[in-house]
Amino acid sequence: MYLFIFVVLLKEAGMDSKKFEKVSRALSDPHRLRILEKFRKKCDDTLYCSEIHDFLDLAQPSVSHHLKQLVEAELLIPEKEGRNLKYNLNQEVLNDYIAFLTAFKA
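What follows is the structure, encoded as structure tokens:
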């Protein structure tokens, strides 16, 4: 019964169970949460890789790993701009995830 309710809520929120798991895993790391928090504090939804590296104070391979996890969960959308790589926050996926959690609570 509970599994059925879970699946119905996922569908209503525009997510399947694999997508929900991937986003949940991506959000379970404190460094990745800090990256998303940095997006929240910015006026726009774009950050360059160098900006993320500067405030995280981690080695470049670690930053790349965390960004890759967020991209695979579709929370960030990478975009090449010349020689630079910038990331855009995917509000749609974040909103779907929040909608699911809100619906599950109600």
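Residues in the sequence shown are numbered from 31 upward in steps of one, following our numbering. Built from N, CA and C at the ideal position, the CB exists for glycine as well. Bear in mind that the values here come from a model prediction, so they are computed numbers and not experimental data.
Limits of the unbroken alpha helix (DSSP H) element including residue i
i: Leu97; result: Gln90 to Glu102
i: Leu63; result: Pro60 to Lys71
i: Leu77; result: Segment Thr76 to Tyr78 is the beta strand (DSSP E) holding Leu77; no alpha helix (DSSP H) there.
Through-space distance from residue j to residue i, alpha-carbon basis
i: Ala133; j: Met45; result: 12 Å
i: Leu131; j: Val123; result: 12 Å
i: Asp87; j: Ala129; result: 32 Å
i: Ser63; j: Ser47; result: Contrary to the premise, residue 63 reads as Leu rather than Ser in this sequence. Cα to Cα, Leu63 sits roughly 21 Å from Ser47.
Rounded Cβ spacing between residue i and residue j (contact assumed at less than 8 Å)
i: Ile82; j: Ile65; result: 6 Å
i: Leu115; j: Asp75; result: Leu115 to Asp75, Cβ: 15 Å. No contact.
Member of the options whose CA lies at the smallest distance from the CA of residue i
i: Gln99; options: Asn114, Ser47, Ser80 and Leu57; result: Leu57
i: Arg70; options: Gln121, Tyr127, Leu97 and His96; result: Gln121
i: Ser54; options: Glu111, Glu109, Tyr117 and Glu104; result: Glu104
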